[in-house]
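Okay, structure first, notes after.
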Amino acid sequence: MAKVLLVDDDRALLDALSLALENERHEIVTATDGIEGLAAAEREKPDVIVSDITMPGLDGFALCKRLRDRKIDVPIVLLTSRDSEIDEALGLELGADDYVTKPFHTRILLARISALLRRESLRTAKRGDVSHVALGKLTLDSDCLEAKYAGAALTLTLTEFRMLEALASRPGIVLSRTRLLELVRGDDSVVADRIVDTYVRRLRKKIETIDASFADLETVVGAGYRWRR
């Protein structure tokens, strides 16, 4: 059983999702807007958050960003009625773990939630093995979600951190875009794999602001990316 926080201004949808999740033996907490959802996340310590994007006051994107800014590392699923890669990329770059496009079958959302819970369980179990990475000028602390390059702190979204961790913990190994998404997201949700290119560009740019000669994150044409050994 997990504690699930549902955030949506559609009370009918909240009721329907609450019933479905309760039938799966989950504990449910609900909020009808982003501000209420933020307070509930801090107070209730949920295992996963499901939030609509389009809400008055504080929308789903802003809620996601505030949660990550406050180092709240709970898995987040965003619900969107705008089926576009712009929404997908923006939501994921802000630290969301998955998205589901409305209208959707409840069983799809339940499967996504189960996948995220399994991933977090495995990540917690393995955290002691890979909680720290030190490779050249790069250091990563997975427990604190802190990254430094040449001693300077890197400001990363949660997804950027996980992608950097996936690459740096496997120096010399070429990772395809699909494999990187699997490592970062931990399930088989379908996301445009070119989003990986966006993450890599952002990572390079952030590290290059510290070290203009940075070249350890390599593109392997036709294959993917690797962290130079």
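Under the numbering used here, think of the first position of the sequence shown as 191, with each following residue one higher.
Backbone N, C-alpha and C fix where the C-beta goes; we use that ideal spot for every residue, glycine too.
Within its chain, find whatever has a CB closer than 6 Å to the CB of residue i; leave out the 5 residues flanking it on each side and keep chain order.
i           : result
residue 335 : 351
residue 380 : Because the pLDDT at residue 380 is just 46, under 50, the model does not fix this residue reliably, and the value given afterwards should be weighed accordingly. Taken in chain order, the list of residues that qualify is empty.
residue 366 : 414
residue 220 : 196, 204
residue 230 : 195, 219, 221
residue 304 : none
Does the Cβ-Cβ distance between residue i and residue j come in under 8 Å?
i           : j           : result
residue 361 : residue 310 : no
residue 410 : residue 374 : no
residue 194 : residue 209 : no
residue 292 : residue 346 : no
residue 141 : residue 323 : Here the chain has residues from 191 to 419 only, and residue 141 is not among them.
residue 289 : residue 306 : no
residue 251 : residue 204 : no
residue 339 : residue 328 : yes
residue 300 : residue 214 : yes
residue 357 : residue 417 : yes
When you compare only the Cα positions, how much space is there between residue i and residue j?
i           : j           : result
residue 232 : residue 241 : 15 Å
residue 223 : residue 270 : 15 Å
residue 296 : residue 246 : 24 Å
residue 237 : residue 308 : 11 Å
residue 225 : residue 419 : 45 Å
residue 202 : residue 255 : 26 Å
residue 206 : residue 337 : 41 Å
residue 262 : residue 371 : 21 Å
residue 341 : residue 330 : 11 Å
residue 199 : residue 249 : 10 Å
residue 408 : residue 258 : 28 Å
residue 316 : residue 333 : Legend: pLDDT at residue 316 = 49, less than 50; position of this residue unreliable, value from coordinates given subsequently. Computed Cα separation, rounded: 11 Å.
residue 392 : residue 400 : 13 Å
residue 286 : residue 412 : 28 Å
residue 260 : residue 390 : 24 Å
residue 244 : residue 402 : 39 Å
residue 253 : residue 349 : 16 Å
Could you check where the beta strand (DSSP E) with residue i kicks off and where it finishes?
i           : result
residue 337 : 336-339
residue 268 : 266-270
residue 325 : 322-325
residue 416 : 414-417
residue 210 : Careful: residue 210 lies outside any beta strand (DSSP E), inside the alpha helix (DSSP H) at 201-213.
residue 425 : Residue 425 cannot be examined here, being either before or after the span of the chain that is shown, 191 to 419.
residue 193 : 193-197
residue 218 : 217-221
residue 422 : With the chain running from 191 to 419 in the structure shown, residue 422 is simply not present.
residue 288 : 288-291
residue 331 : 328-331
residue 365 : Where residue 365 is concerned, there is no enclosing beta strand (DSSP E), given that its DSSP letter is neither H nor E.
Can you name the start and end residues of the alpha helix (DSSP H) that residue i belongs to?
i           : result
residue 388 : 385-398
residue 233 : 224-234
residue 349 : 348-358
residue 252 : 250-259
Closest Cβ-Cβ distance between residue i and chain D: below 8 Å?
i           : result
residue 303 : Annotation note: the requested chain D is absent from the structure, which comprises a single protein chain.
Using a Cβ-Cβ cut-off of 7 Å (strictly less than) and excluding sequence neighbours within five positions of residue i, which residues of its own chain qualify?
i           : result
residue 302 : 267, 288, 290, 379
residue 234 : 193, 195, 219
residue 191 : 215, 216, 217
Under 8 Å Cβ to Cβ from residue i, same chain only, skipping five residues before and after it: list those, please.
i           : result
residue 398 : 404
residue 369 : 414
residue 394 : 404, 407
Consider the C-beta atom of residue i and the heavy atoms of the ligand MN; say whether any pair is separated by less than 7 Å.
i           : result
residue 292 : Among the ligands in the structure shown, none appear at all, so the ligand MN cannot be discussed.
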